[in-house]
Amino acid sequence: MAVLVTGGAGYIGSHTCVQLLEAGYDVVVLDNLSNSKQEALDRVNSISGKRFEFIKGDILDIDLLDRVFTDYTIDSVIHFAGLKAVGESVAKPLLYYHNNVAGSITLFEAMQKHNVKNIVFSSSATVYGISDRMPIGEDAALGPINPYGRTKYMIEEILRDIYASDNGWNVILLRYFNPVGAHPSGLIGEDPNGIPNNLMPYISQVAVGKLKDVNIFGDDYPTPDGTGIRDYIHVMDLADGHLKALEKLKDSPGAVVYNLGTGKGTSVFEMIDAFYRASGREIPYRVTSRRPGDAAECYADPSKAAKELGWAARRGIFEMCRDSWNWQSQNPEGYTE
Ligand code: NAD
Ligand code: UFG
């Protein structure tokens, strides 16, 4: 019995594959490499010392999915595949709805046809939109404010409807807060295309000398130091959450949602300071205007995952910065194949 990991060559997928392989799971990765490199999977293989199947292909390709579910004995799916850049989703909404929503529907149709009814889906804290209640529990109102967030919300709804129509399905929706960090080996990590949109890869690239300074998007928020507060979570803790979710699927949980965050908020200034302490590198910065759509603060109430999955984040901000720096300094150009 194998786990099908869509998007397994990506940032979170590659770290999860390492942990799945180390825990003894058989793994089949399906990824079209639109935002990742084969080299990441070669490194997953060297870290884990385990072999696994890789199929280069698209979740929109129904014939390919049919073959995958025929050729391998899959009993559950972890579904990471998707596009994730908020700004790009505003500029190219159809690309996002097609790839993420139509792609997911195609995957779910293939699962239904082959009687594979166990799924863990990568959702996001972005489905909450701008929430005025902190920390954010799973029962908070949903209201994504951009096309990317709406794809996540729609896929959640589709999965809830599938479960309502057939209680034989088991659906775990994981809403990640802000994934950062890298495998402690420094062999795999986050490798964004072009100039990073997100804070941690931006800081890392400033630290390594690829970018000049960090633009801090506003220091006039109603937070203690005026900069935005987020719930950063180490990607290794996040990966561990997926293993816990896979185990939970065996208890026939129905369709359930969990926040994966630490419950602790960190400001932009605090993150820059922590990165300096972890790397020993000065991080020049300048304060610029707010980025449209950014909330002042966003952090999770992760207690449901603690209670029901037996999962809690173990790594703190220092380890997140240390491991991001380890990856960035060993791989200043990211994967180079
Ligand atoms: P990533 O871009 O590194 O990984 C996604 C992978 O999916 C890539 O390897 C890409 O090539 C693949 N892919 C995309 N479309 C595909 C398709 N049609 N068919 C096959 N493969 C396809 O992103 P990530 O950071 O690892 O995120 C994984 C998942 O988690 C995504 O669904 C993302 O939306 C979600 N998520 C990410 C974050 C974050 O900040 N990184 C936060 C919340 C949720
Ligand atoms: N920030 C800067 N400068 C930068 C980048 C970010 O000051 O160059 C600030 C932002 O204003 C925010 C904080 O750093 O206060 C974090 O910003 P990120 O872009 O790293 O993360 P976001 O919280 O905006 O969003 C990310 C993903 C979303 C996802 C969300 C929750 O981009 O897709 O986390 O998982 F939905």
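Our numbering numbers the first residue of the sequence shown as 5 and each following residue consecutively.
All C-beta atoms in this analysis are idealised placements derived from N, C-alpha and C, irrespective of residue type, glycine included.
As the structure is a prediction and not an experimental result, all values here were calculated from the model.
- Fewer than three pairs of CB atoms, one per stretch, sit closer than 8 Å, so the region 93-105 makes no contact with the region 49-60.
- Put simply, the region 104-112 does not touch the region 261-281. Fewer than three CB pairs are less than 8 Å apart.
- Distances taken from the Cβ of serine 38 to the heavy atoms of the ligand NAD include one shorter than 7 Å.
- Scanning its chain for C-beta atoms nearer than 7 Å, with the 5 sequence neighbours on each side dropped, one finds around arginine 318 the residues Asp241, in chain order.
- Pairing tyrosine 339 with glutamate 194 gives a Cβ-Cβ distance that is not under 8 Å.
- Pairing alanine 6 with isoleucine 66, the inter-Cα distance amounts to about 19 Å.
- For the 8 Å CB-CB criterion, methionine 275 and isoleucine 192 do not form a contact.
- Cα atoms of lysine 156 and valine 131: separation of roughly 7 Å, rounded to the nearest angstrom.
- Between alanine 89 and asparagine 182, the gap from beta carbon to beta carbon reaches 8 Å or more.
- Between the region 224-237 and the region 169-184, the count of C-beta pairs closer than 8 Å reaches three or more; the two stretches touch.
- For aspartate 255, the closest of Asn39, Ile123 and Val33 by C-alpha to C-alpha distance is Ile123.
- Scanning its chain for C-beta atoms nearer than 6 Å, with the 5 sequence neighbours on each side dropped, one finds around asparagine 330 the residues Gly190, in chain order.
- Between the region 212-220 and the region 283-297, the count of Cβ pairs shorter than 8 Å is three or higher; the stretches touch.
- Annotation note: the region 32-103 contains the following uninterrupted beta strand (DSSP E) runs of length 3 or greater, listed N- to C-terminal: 57-60 and 78-83.
- Here the alpha carbon of glycine 297 sits roughly 14 Å from the alpha carbon of arginine 154.
- In the displayed model, histidine 19 falls within a helix according to three-state DSSP.
- If you draw a straight line from the Cα of proline 257 to the Cα of leucine 247, it is about 15 Å long.
- Nearest C-alpha to threonine 227 among Ala309, Leu111, Ala300 and Ile78: Ala300.
- The beta carbon of asparagine 49 lies closer than 8 Å to those of Arg55 and Phe56 in the same chain, with the five residues before and after it left out.
- Inclusion of histidine 83 and valine 239 in the CB contact set at 8 Å is not warranted, their separation being larger than that value.
- The ligand NAD approaches alanine 85 closely enough that one of its heavy atoms is under 7 Å from the residue's Cβ.
- When DSSP states are grouped into helix, strand and coil, serine 189 belongs to the coil group.
- Here the alpha carbon of alanine 44 sits roughly 21 Å from the alpha carbon of glycine 245.
- When the beta-carbon positions are compared, serine 283 and methionine 204 stay at least 8 Å from each other.
- A distance criterion of 7 Å places the beta-carbon of threonine 74 beyond contact range of the ligand NAD, judged by its closest non-hydrogen atom.
- Rounded to the nearest whole angstrom, the C-alpha separation of asparagine 335 and alanine 211 is 13 Å.
- A straight-line Cα-Cα distance of about 12 Å links alanine 259 and alanine 249.
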